[in-house]
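Heads up, the thing below is written out as structure tokens.
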Amino acid sequence: FTSGSTPKLALLSDIHSNLEALDAVLAALPPVDGIVALGDIVGYGPDPNAVIARLRSIRARAVRGNHDQAMLTPQVLDWFNPDAAAAARWTASVLSGANRRYLSDLPLNGRIGPHRCVHGSPRKPYLWEYILEESQAMDILSRLGSRLCFFGHTHLPRVFTDKGEWVPPLLPETDWIALPASALVNPGSVGQPRDGHPDASCAVVDLERHAVQFRRVPYDIPTTQAKIVAAGLPEVEAARLAYGR
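So for the sequence shown, our numbering puts the first residue at 13; every next one is plus one.
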């Protein structure tokens with residue numbers, strides 16, 4: 013997608029069919045001018061159709077992640093571990109035709125003014141690279157120019173700048189963090205955090221102030237877990253939600 017500059021954006025990523033987490037995050041957001049979903053809308057969780065319906069109802073802009081791609085090209089499952097692949101096959105079996113088309117229509121890249129939106133990495137979005145190391149981030153930043161890139165995929169809230177990696181503190185709301193001209197911003201995962209903290213993770217970016225704020229939002233984990241088990245999805249996907257791994 014391409015959009016003109018929007019002053020204040022909510023950044024959501026890796027929702028993974030977790031409706032309870034998504035609804036809790038949406039209810040806790042401050043007023044924003046737009047919402048961007050940075051891929052992996054589906055996969056792992058029990059509510060793919062309801063999550064897509066919610067994003068469509070709020071007119072969220074979105075890019076496609078690897079779990080979304082798996083609904084369109086099953087060969088992607090060769091890259092998945094057995095539990096993730098089993099969850100993806102279940103998701104494909106219950107996903108409506110309209111929602112499969114919605115995922116098909118999502119781009120791999122989005123733009124908000126000059127700024128980039130991807131799921132994995134702006135270097136080769138179709139390879140779903142995980143940006144985990146400072147050396148990777150430095151190479152990407154050297155090519156990015158004076159703009160921001162918003163990404164997900166790792167399920168870890170992070171900011172990378174030319175000064176290195178910054179990990180947000182575990183707070184309901186962090187202070188506003190000033191961003192340099194070039195930075196990589198990962199809001200963490202709404203639906204399956206992996207930083208050892210189970211609360212849903214998201215961020216709000218103010219493009220006029222060039223600043224970002226990270227947020228953690230508690231949600232009804234037992235309800236999501238019960239839905240996962242009732243659907244016959246791998247039970248590990250329910251258990252991991254309680255401890256953020």
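A virtual CB, placed ideally from N, CA and C, is assigned to each residue, including glycine. Since the model is a prediction, treat every value here as computed from it, not as a measurement.
Legend entry - Residues near residue 245 in its chain [Cβ-Cβ closer than 7 angstroms; skip 5 each side]: Here the set comprises 58, 99, 102.
Legend entry - Bridge-paired residues (DSSP) for residue 225: 216
Inset, instruction - Could you have a look at residue 160 and say whether DSSP puts it in helix, strand or coil? - result: strand
Inset, instruction - Indicate whether residue 214 and residue 37 have their beta-carbon atoms separated by less than 8 angstroms. - result: Yes, these two residues count as a Cβ contact at 8 angstroms.
Legend entry - Boundaries (first-last residue) of the alpha helix (DSSP H) holding residue 30: Neither: residue 30 is in no alpha helix (DSSP H) and is coded neither H nor E.
Legend entry - Collapsed DSSP secondary structure at residue 173 in the structure displayed: strand
Legend entry - Range of the contiguous beta strand (DSSP E) that encloses residue 20: 20 to 24
Inset, instruction - Could you tell me if residue 87 is buried or exposed, where buried requires 16 or more neighbouring beta carbons within 10 angstroms of its beta carbon? - result: exposed
Legend entry - Candidates 119, 181, 195, 56, of which the one nearest residue 89 by Cα: From the listed residues 119, 181, 195, 56, the smallest Cα separation to residue 89 is found for 56.
Inset, instruction - Starting from residue 121, follow the beta strand (DSSP E) in both directions and report where the run begins and ends. - result: 121 to 124
Legend entry - residue 114 beta carbon less than 8 angstroms from that of residue 68: yes
Legend entry - N- and C-terminal bounds of the alpha helix (DSSP H) containing residue 109: 109 to 117
Legend entry - Beta-ladder partner(s) of residue 198, from DSSP: 170, per the DSSP bridge assignment.
Legend entry - Nearest to residue 107 (by Cα), restricted to the options 216, 79, 209, 124: 79
Inset, instruction - Check whether the Cβ atoms of residue 207 and residue 230 sit closer than 8 angstroms, and answer yes or no. - result: no
Inset, instruction - Taking only beta-carbon positions, decide if residue 163 is within less than 8 angstroms of chain E. - result: Of the chains in the structure shown, none is chain E; there is only one protein chain.
Inset, instruction - Go ahead and pull the three-state DSSP assignment for residue 128. - result: If DSSP states are grouped into helix, strand and coil, residue 128 belongs with the strands.
Legend entry - Cβ-based burial, residue 144 [other Cβ within 10 Å; buried from 16]: exposed
Legend entry - Enclosing beta strand (DSSP E) for residue 47 [first to last residue]: 46 to 49
Legend entry - CB of residue 171 within 8 angstroms of CB of residue 130, strictly: Contact annotation: residue 171 and residue 130 have beta-carbon atoms that are not nearer than 8 angstroms.
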